[in-house]
Ligand SMILES: Cc1ncc(COP(=O)(O)O)c(C=O)c1O
């Protein structure tokens, strides 16, 4: 086996020489293949469908343009994500504006740019929107509902238990009141429901049950107030592989099954089969991403714990601290060296929780070795921070043996760009 790892046909040692570390590397062909898989498998002869990329997973101008080229729509959740889409010339009618707490400014932006759908979270937000809407554009709305499905995933990435901050419970009478308030205001066009039950889900049944509950809710709404639901958006959450413990289900098999279930159930409930959307983020980018770090050294503590120190930190890799997420990594310049010692990989941040990988067997690292962490394409660059005034890494796309910079590494000048002197 070759001793040096290559990603998208480019040796990691070349990437390090050209762009330095820490470095986020995205395999462009993998992202495109994942987009294609979602589009081609999320299809059914009797159900109209749409695939929306959840940009919170990983977004910048180049990524936005790639998503447009691949034919997916875009989920944005903030003014910043929407602004990125605007600057990337993403078609606004394919943008879904989400968020449980959109500010007046963000709602105003959504109206100004005439986004395709605004997803309402709660009655207060709808009232805010009512004060802003003008005559030149009739917003199409979805309502985020919460079907109370328990997805078995980390507490922080579950979104539909009864205490979740997201959306309106299908069990609450307030939800029906809100639907009636929306549909009785002729300045809006109500299209249907959105939900998102959580992230990194490996149980097909959680999605099937969600679809079932939503369709039953559609039937209840139809029989109670005579309202036909045109669209249901089932959100994202499809699991990705981080380590050998993860076993995502096959979307090629599952999506047609899910859509067929929706078709059959809507027939038997005697309601119109709605258009169905999904909103994957992680499923599109997680496994396409790698983080390259330079190893500076190791340390064995008095208590016998072995650390590997790398030139990044929780500022560019927060998911281990946040969700106890697990990762696989290799020494990318010495693939053939035997993994002999158990290490904890840590970085430069002044926190004991600054852990990149808690326990991993690696070859004994040498100074300047290159640690490559796998599956860092989702919620890494997008969750990175400047804690400890650390600089955010560059992002590089690799494909067919070529690399190109899509986000520059931050500089110390960037860190100060918004700072003002105290003066006298
Ligand atoms: C509303 C919504 N849609 C889609 C997603 C994407 O989820 P995932 O990246 O797990 O596919 C999220 C993630 O938090 C979300 O909140």
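In this note's numbering, the protein residues as written are 15 to 438. Glycine is no exception: its CB is placed at the ideal position from the N, C-alpha and C atoms.
When you compare the CB positions of residue 339 and residue 41, do they come within less than 8 Å of one another, or not? Going by C-beta atoms, residue 339 is not nearer than 8 Å to residue 41.
Kindly provide the ranges of any beta strand (DSSP E) runs that are 3 or more residues long and lie completely inside the region 122-189, ordered along the chain. Correct list: 131-134 and 154-160.
Quick one: what does DSSP say residue 191 is sitting in, helix, strand or coil? In the displayed model, residue 191 falls within a helix according to three-state DSSP.
Closest to residue 250 by C-alpha separation, out of 419, 17, 60 and 66, would be which residue? From the listed residues 419, 17, 60 and 66, the smallest Cα separation to residue 250 is found for 66.
Three-state secondary structure (DSSP) at residue 268? Three-state DSSP puts residue 268 in a helix.
So the candidates are 189, 193, 222 and 433; which of them puts its Cα closest to the Cα of residue 163? Between residue 163 and the set 189, 193, 222 and 433, the nearest pair of CA atoms involves 222.
Please state if the CB of residue 253 and the CB of residue 52 are separated by a distance shorter than 8 Å. No, these two residues do not count as a Cβ contact at 8 Å.
State the DSSP-derived secondary structure class of residue 343, mapped to helix, strand or coil. Per DSSP, reduced to three states, the secondary structure at residue 343 is strand.
Any heavy atom of ligand 1 inside 7 Å of the beta-carbon of residue 293? Residue 293 Cβ: within cutoff of ligand 1.
Own chain residues within Cβ distance below 7 Å of residue 224, not counting five before or after: So the list reads 161, 163, 209, 211 and 248, once near-sequence residues are dropped.
Check whether the region 362-376 touches the region 323-340, taking contact to mean three or more Cβ pairs, one atom from each stretch, closer than 8 Å. Under the three-pair Cβ rule at 8 Å, the region 362-376 counts as touching the region 323-340.
Using alpha carbons as the reference points, say which of 59, 246 and 70 lies closest to residue 453. One cannot answer for residue 453 here, as it falls past the ends of the chain, which runs 15 to 438.
Please report the distance separating the alpha-carbon of residue 19 from that of residue 29. In this structure, the CA atom of residue 19 is about 11 Å from the CA atom of residue 29.
Report the rounded CA-to-CA distance for residue 423 versus residue 388, giving the unit in angstroms. A straight line joining the alpha-carbon of residue 423 with that of residue 388 spans about 20 Å.
Taking residue 231 and residue 159 to be in contact with their CB atoms under 8 Å, please state how far apart those CB atoms are, rounded to whole angstroms. About 7 Å separates the two Cβ atoms, so the contact holds.
Return the residue from the list 239, 375, 282 and 126 that minimises the CA-CA distance to residue 226. Closest option to residue 226, Cα to Cα, is 282.
Helix, strand or coil for residue 211, going by three-state DSSP, please let me know. Of the three classes helix, strand and coil, the one that applies to residue 211 here is coil, per DSSP.
Among 129, 54 and 60, which has the Cα closest to the Cα of residue 84? For residue 84, the closest alpha carbon among the candidates 129, 54 and 60 is that of 54.
Would you grab the beta carbon distance between residue 300 and residue 392 for me? Rounded to a whole angstrom, and I think it's under 8 Å. The pair is a contact, with the Cβ atoms about 4 Å apart (cut-off 8 Å).
DSSP puts residue 68 in a beta bridge; with which residues? BP columns for residue 68 point to 89.
Residue 426: buried (16+ other C-beta within 10 angstroms of its C-beta) or exposed? So residue 426 ends up on the exposed side.
With three or more C-beta pairs closer than 8 Å as the rule, is the region 264-281 touching the region 85-104? Segments in contact, no.
Between residue 137 and residue 188, is the Cβ-Cβ spacing less than 8 Å? Using a Cβ distance threshold of 8 Å, residue 137 and residue 188 count as a contacting pair.
Which class does residue 418 belong to by DSSP, given the choice of helix, strand or coil? Under the three-state reduction of DSSP, residue 418 is assigned to strand.
Measuring only the C-alpha atoms, how far is residue 322 from residue 343? Pairing residue 322 with residue 343, the inter-Cα distance amounts to about 12 Å.
Taking the beta strand (DSSP E) that residue 357 belongs to, which residues open and close that run? Boundaries of the beta strand (DSSP E) harbouring residue 357: 355-360, taken from the DSSP string.
Beta-bridge pairing of residue 203 - partner residues as DSSP gives them: 154, per the DSSP bridge assignment.
Expressed to the nearest angstrom, what Euclidean distance is found between the alpha-carbon atoms of residue 145 and residue 118? Using only the alpha carbons, I get a separation of about 10 Å.
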